[in-house]
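Going line by line, the protein sequences match chains A and L. Residue numbers are given in full-length UniProt numbering: position 139 of the first sequence equals residue 139, and the series is strictly consecutive. Residue numbers are given in full-length UniProt numbering: position 303 of the second sequence equals residue 303, and the series is strictly consecutive. Note that the Cβ used here is the ideal one computed from N, Cα and C, for glycine as well. What follows is a set of notes on a single structure, which appears directly below.
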Amino acid sequence: MGTYFARRMLLMIPTFIGITMLVFAITRFVPGGPIDQMMLKLQEASMESGTDIGGSTMEIPEASLAALKERFGLDLPMWQGYLHWLWDVVRLDLGTSFKFNEPVLDVIVNRFPISIYFGLIGFALAYVVCIPLGVLKAVRHGSKLDVTSSLLIFAGYSIPGWALGAVLLVFLGGQLELVPLGGFRPEGWADMDFWEKVRGQAYHTILPVLAYAAGSFATLTILMKNSLMENLGQDFVRTAFAKGLPERKVIFGHALRNSLIPICTGLGHAIGLIMAGSYLIEKVFNINGIGYLGYNSIVERDYAVVMGVLVINTVLILLGNILSDFLYVLVDPRIRFE
Amino acid sequence: MSADQQNRGDGKPVLQVKDLVTSFQVGTNRAVAVNGVTFDVYEGETLGIVGESGSGKSVTSLSILRLVPDPPGHIDGGQILFEGQDLLQLSYAQMRKVRGAKIAMIFQEPMSSLNPVMKIGAQVAETLQVHSKLSKSEARERAVEVLDAVGIPDARARLDHYPHQFSGGMRQRVMIAMALIAKPKILIADEPTTALDVTIQAQILELMKGLQDDRPETAIILITHDLAVVAETCDRVLVMYGGKVQEVAPIEQLFEDPRHPYTQGLLGSIPDPKHKGEPLPTIPGNVPHILELPVGACRFHSRCPIAEERCRTTEPALTSVGHEHSVRCHLVADGIDTFARMREHAAAPRTEEVR
């Protein structure tokens, strides 16, 4: 088994290289890169001040252009540029953001707590609600509660989380003014006492967390329900009843234990989701987390940050997959990886 | 267990099933799977219930412990008397105290009948823990004893193993241990050897036969479609067809003097080395679909080679034809030698095909 996981870890390397190489190549081909943007800025500056640089408006001296290219690593052929970048990544140097003028690693690490805050709460909310709901729906299959909750769940499933977030924001935030229009912290945070802080933070948390949870709500609840129903029909459940166990023990001791297997293993995959935030939800709610950072870095062609966020996401998802396999081994005694 | 047969006569019934009716919802119809089944089970005997698939034998056994899935199934009527109580009238909590403790059951599929994510020791001990105040460690000690008794080698070490680490035969032994640990009065075995290969079958049957050596008062109800298994293990046999008992007889009598044409057909279709190379006799046709079973007629008439007009119009009653031997057949009730009729029919040229 140790060899299995060692092999899985080693397989992460080519996967990682494949993903990053592809995105690196795209950043090189897409127009509007850092040099273009720099030139645009210079142009704007010169138009504002009304002065010409060196006679014509557009000209940038060859020497400065070469210096800029060197600074962004654009002077080398693509494959060399990638190898340089990869070597830096290995030494945990993700480069410098040209927008923030800070090391990319710092930019990302500073935003981690925000994304994890929303990710964890949304994720916990989904599990805390979906698992009991799924169990209840399975045990009372076909009841009013089952049917109405299914309707709600599928309605929620048809709406993407960020769209639901936007609708709620317009309605509850814009029209009824029940919740703030976005942001991570309430205004005047420093002057608040503890309970004001809790209240303010809660108001800022509700909608984004709902949007996060809505996405996994349907799949998780239905997965839980179907998995439990399937197990309730198994022979070993009949055996448990034949032993004289009370229904509660049959459901929770025998059937549920088996039906939690697919749920547990989903935890591994969720790690990436929890930590990396969501591009669109953070954008909608104007939350300055990893997702928002990634989104803006693409729009602004801040390639060092784009690649940095990609590195973090890739590593998290790849590790999450291995974690899932590992959880499988923990919860299901039948599974042994050779 | 022919040695115990004298027990049977003066033994008292430990379980009495009377007019049991169990039906299932099939689409918009109700299919009556068990239709007025009556029989007794005596202390210390092994009663075989045989029949083809769909004859109602498994549903009968599940009904005794009220394990028929409801819905779609439902026990519509009858009585199941055990220790002076009608099991069908017990509350859910009272019924729980019977299951596993007084009447235990083992099932056909040892692969799927054990919980795959629970250790064997815990599963076996659990039966005891729900029915007694024994501590966990005491229950585990008992589990070692029973597992040892059913022939699991190195039982103590095996407690912490999971079902998938056992072979099919060993799993069925675990099931038997689980059923026996609370010392039930009745053990119901629903096709316990069907899923096992022949050599393992023989071992499990041997084990089941040996159970009554240790606890002679334990009654066993063995549900099977395999007459060879019946011949080897049972004291009495109940032949079921179409949800009804067609013939009840002590084992020797059933094999030597089967009266019901269906029983004769079943026995006739056992391969016999003396007739090697000849086509195997079979009962013509198939078991009718449960919704198409004849009503108000003999259930078997559509497949019976010697059926008469009255077999199609009136339903025969279960009639006693000897000591503990009853048959549900118009012809037998009139004293007609059905065996001779069957032979005549077989010899006669096939002019009329069976409907």
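Within the same chain, Ala125, Leu128, Leu134 and Ile181 come within 8 Å of Arg142/L by CB-CB distance, once the 5 residues on both sides are set aside. Distance between Asp214/L and Met1/A, taken at the CA atoms: about 45 Å. DSSP places Lys97/L in the uninterrupted alpha helix (DSSP H) bounded by Tyr92 to Val98. Rounded to whole angstroms, the gap between the alpha carbons of Leu280/A and Tyr203/A is 20 Å. Residue state for Asp190/L is assigned as strand, using DSSP reduced to three classes. The CB of Thr46/L never comes closer than 9 Å to any CB in chain A; the least such distance is about 19 Å. C-alpha of Ser113/L to C-alpha of Arg334/A: approximately 15 Å in a straight line. Put simply, the CB of Gly100/L is near chain A, with a gap under 8 Å to one of its CB atoms.
The DSSP-derived three-state label of Arg328/L is strand. Taking the CA atoms as reference points, Met78/A sits about 10 Å from Trp85/A. Excluding its 5 nearest sequence neighbours in each direction, Trp189/A has C-beta neighbours in its own chain below 8 Å: Lys197 and Gly200, listed in chain order.
Where Val305/A is concerned, the enclosing alpha helix (DSSP H) starts and stops at Tyr303 to Val331. The three-state secondary structure of Gly174/A, taken from DSSP, is helix. Between Leu256/A and Leu228/A, the CB-CB gap stays under 8 Å. The Cβ-Cβ distance between Pro72/L and Phe24/L falls below 8 Å. Under the three-state reduction of DSSP, Asn101/A is assigned to coil, being neither helix nor strand.
For Gln212/L, no pairing in a beta bridge is given by DSSP.
Contact with chain L is absent for Thr265/A, since none of that chain's Cβ atoms lies less than 8 Å from the residue's Cβ. Non-local C-beta neighbours of Leu232/A in its own chain, meaning closer than 6 Å and more than five positions away in sequence, comprise Ala255, ordered along the chain. According to the DSSP assignment, His345/L belongs to the alpha helix (DSSP H) that extends over Thr338 to Ala347. Under the three-state reduction of DSSP, His289/L is assigned to coil, being neither helix nor strand. At a Cβ-Cβ threshold of 8 Å, Val50/L and Val198/L do not count as neighbours. For Phe166/L, not one C-beta of chain A is nearer than 8 Å to its own C-beta. Proximity of the region 316-329 of chain L to the region 51-61 of chain L falls short of the contact definition, fewer than three beta-carbon pairs being nearer than 8 Å. Scanning its chain for C-beta atoms nearer than 8 Å, with the 5 sequence neighbours on each side dropped, one finds around Leu94/A the residues Asp88, Pro103, Val104, Leu105, Ile108, Ala304, Met307, Gly308 and Val311, in chain order. Using a CB distance cut-off of 8 Å, Glu109/L counts as an interface residue toward chain A. Here Cys304/L is not near His330/L, since their CB atoms are 8 Å or more apart. If you check each beta-carbon in the region 124-149 of chain L against every beta-carbon of chain A, the ones closer than 8 Å belong to Glu126, Thr127, Val130 and His131. Contact check between the region 159-175 of chain A and the region 236-247 of chain A: fewer than three CB pairs, one atom from each, fall below 8 Å, which does not count as touching.
Per DSSP, reduced to three states, the secondary structure at Glu217/L is coil, with no helix or strand assignment. Just measuring C-alpha positions, the residue of His141/A, Phe98/A, Thr219/A and Gly142/A sitting nearest Asp302/A is Phe98/A. Contact between Val150/L and Ile176/L holds: their C-beta atoms lie close to 5 Å from each other, under 8 Å. Residue pairing by DSSP places Thr224/L opposite Val50/L in a beta bridge. The Cβ atoms of Thr265/A and Ser324/A lie closer than 8 Å to each other. In terms of beta-carbon proximity, Pro192/L stays away from the interface with chain A, with every pair separated by 8 Å or more. Contact with chain A is absent for Met170/L, since none of that chain's Cβ atoms lies less than 8 Å from the residue's Cβ.
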